[in-house]
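Heads up, the sequence shown is in full-length UniProt numbering, so the first residue is 1 and it goes up one at a time.
Where a beta carbon is used, it is the ideal one built from N, C-alpha and C, also for glycine.
Heads up: the structure comes next, in structure tokens.
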Amino acid sequence: PAYGSEADILDFARREQLIVVPLALRRLSAGHLLLQKEPGRSSAFPSVRRPDSSVSTSRRAPLLDGLVKLLATQATTALALLGERERSTGGAAMKDPASSAYSFAYYVDVAGREIDKAKRHGRRFTIATIVIEPDATAAPERPDDLSYWRATPPPPANGLNAGQVAEHLLRAVRDTDILARVDENEFHLLMPETAGLEAHACHRRMLSRVAGSEKRAGYLPKGLLVGLATFPHDGQGLAQLLRIARRRAEATKSSILHRVPQDRRSIGEIFSLLVREAPSAEGPSAISAPRALDLSVTDTVLLATSVIRNALRGGAVLILVAHHDGLSLGAQVKALLASPRDDVVVHALDLRSAPGCDDIEALCVLAEHGAYALVGRNQGGFVKGIHAADPLLADFLAERLGRAAGLRVFG
């Protein structure tokens with residue numbers, strides 16, 4: 001028969017009076033070898049008996065039986081080696097041959113197991129999509145919008161090398177994280193047992209590593225897009241998480257931070273640049289694009305309250321807010337968090353002594369499932385500025401707010 005169960009094969013051998021040689025090595029069983037018996041001799045293998053046991057044994061029987069045993073052992077070893085080679089170098093090969101990253105097939109296998117563990121034990125994990133834009137150049141300037149922001153000549157076209165990026169990324173992540181290469185310009189990172197804030201910190205390290213490799217420390221590496229998605233906030237399945245992470249990576253192209261000169265300007269000058277002319281959003285799909293803000297102080301406080309309550313539902317939160325006497329975002333945040341929580345860190349900063357910050361309203365929220373930044377000037381009871389669900393802008397403003405108040409926020 002071409003195929004069948006072990007019992008069927010042995011029954012067939014018994015009917016046809018074949019010799020059955022097990023292909024086995026210790027605990028490994030690779031199947032059975034079936035041989036037609038030589039006329040006039042008995043077999044040393046007990047699996048099958050000759051119908052006429054009175055026939056004398058040939059002198060060659062011991063030699064032939066020994067040879068069959070040897071060949072069966074060699075065949076079993078060869079099959080075992082082939083099986084191991086297929087597992088290690090076949091479609092699910094572990095390593096990408098062109099970099100130090102893992103293959104995408106291996107990544108999918110590990111991610112599937114991680115999802116199962118997370119569902120069973122109530123754990124979290126995060127995935128990141130990292131895209132290298134080929135020949136990325138500086139964001140185009142619009143004469144009627146942000147052309148005056150450019151304090152230095154635009155940076156040259158992106159010269160990121162995928163292999164070098166992989167090495168920098170591996171130095172920024174933990175040993176337990178899995179970095180996989182999807183294609184020439186795309187990587188996926190699996191961070192087991194990692195919640196959103198930890199993943200956000202890893203995001204900062206990755207950008208810092210790659211920016212340092214370009215000898216432009218403190219600048220965003222042009223052409224490197226990173227998006228994060230956390231289980232279970234952003235989805236329950238790998239396909240959904242990958243889709244959201246990719247969408248967020250693409251959305252970082254519209255971050256206003258790409259247009260802000262990231263030199264050692266004062267926080268007051270940066271606020272003026274942000275508030276002076278708020279760009280309009282480029283549509284609902286531009287999820288990181290800034291939105292213009294022109295609300296009364298009361299409505300701005302209500303907006304900030306909604307953002308913070310939503311952030312608190314996800315777990316751990318880091319909040320930086322400008323605080324001053326009277327009705328302000330800082331006063332409202334303090335009132336909301338009157339009962340301290342171990343997983344919530346709040347920095348209420350008085351920035352009035354910093355040049356150009358006497359009328360500033362600012363809020364940065366880094367939560368498990370997202371980030372938010374708001375900055376504006378209080379002009380006669382109305383706050384005019386911008387706000388955005390932009391992790392790059394939230395990081396940048398949080399760091400600069402802390403620096404202005406003498407506080408080291410990260411690291």
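Please tell me whether V275 and G385 are closer than 8 Å, where the distance is taken between their beta carbons. yes
Do you know offhand how far A373's Cα is from A394's? 5 Å
Is the beta carbon of A195 less than 8 Å from the beta carbon of R124? yes
Is it a yes or a no for the region 191 to 211 touching the region 307 to 318, going by three-plus beta-carbon pairs under 8 Å? yes
With H, G and I counted as helix, E and B as strand and the rest as coil, what does DSSP make of S296? strand
If we count the other Cβ atoms within 10 Å of its Cβ and call it buried at 16 or more, is S255 buried or exposed? buried
Kindly list the residues whose CB is nearer than 8 Å to the CB of V260, restricted to its own chain and excluding five residues on each side of it in sequence; keep chain order. W149, I270, L273, L274, F396
Outcome for E368 when other beta-carbon atoms lying within 10 angstroms are tallied against a minimum of 16: buried
Cα-Cα separation, L33 to D109: 34 Å
N- and C-terminal bounds of the beta strand (DSSP E) containing P22: 18 to 25
Name the one or two DSSP bridge partners that A362 has. V375
Would you identify the three-state DSSP class for T126, choosing helix, strand or coil? strand
I need the straight-line Cα distance from T152 to L392, nearest angstrom please. Because the pLDDT at T152 is just 39, under 50, the model does not fix this residue reliably, and the point stays unresolved.
Using a Cβ-Cβ cut-off of 8 Å (strictly less than) and excluding sequence neighbours within five positions of P355, which residues of its own chain qualify? S266, G268
Buried or exposed (CB count within 10 angstroms, at least 16 for buried), E361: buried
Below 8 Å on the Cβ atoms is my guess for S323 versus A348; work out the distance and round it to an integer in Å. Residue identity differs from the one stated: residue 323 is His in this sequence, not Ser. Rounded, the Cβ-Cβ distance is 4 Å, consistent with contact.
Inter-residue spacing [alpha-carbon to alpha-carbon] between I178 and Q332: 41 Å
Simplified DSSP assignment, three categories, for F410: coil
Assign S5 to one of two classes, buried (16 or more other C-beta atoms within 10 Å of its C-beta) or exposed (fewer than that). exposed
What residues are listed by DSSP as bridge partners for A229? I127
Residue burial classification, K119 (beta-carbon count within 10 angstroms, cutoff 16): exposed
Just the Cα atoms here: how many angstroms apart are R243 and G235? 10 Å
Can you give the Cα-Cα distance for F382 and R309, rounded to whole angstroms? 23 Å
Quick one: what's K384 bridged to in DSSP? D294, R377
State yes or no: is the C-beta of A111 within less than 8 Å of the C-beta of L238? yes
Specify the secondary structure class of Q236 as computed by DSSP and reduced to three states. coil
For L28, is the classification buried or exposed, using 16 other Cβ atoms within 10 angstroms of its Cβ as the cut-off for buried? exposed
DSSP state of D390, grouped into three classes? coil
Would you mind stating whether R313 and H387 have Cβ atoms separated by less than 8 Å? no
If you check the beta carbons only, do A7 and S99 fall under 8 Å apart? no
Since H168 and R209 should fall inside the 8 Å C-beta cutoff, what is the C-beta to C-beta distance between them, to a whole number of angstroms? 4 Å
Short Cβ contact (8 Å threshold) for I115 with L224: no
What is the C-beta distance between residue 437 and A30, in whole angstroms, given that I count them as a contact (C-beta under 8 Å)? Nothing can be reported for residue 437: it is not among the residues displayed for the chain, which extend from 1 to 411.
Going along the chain, which residues of its own chain have a beta-carbon closer than 7 Å to the beta-carbon of E214, five neighbours each way excluded? At E214 the pLDDT is 44, less than 50, meaning the model places this residue with poor confidence and gives no usable figure here.
If you draw a straight line from the C-alpha of D358 to the C-alpha of L295, how long is it? 18 Å
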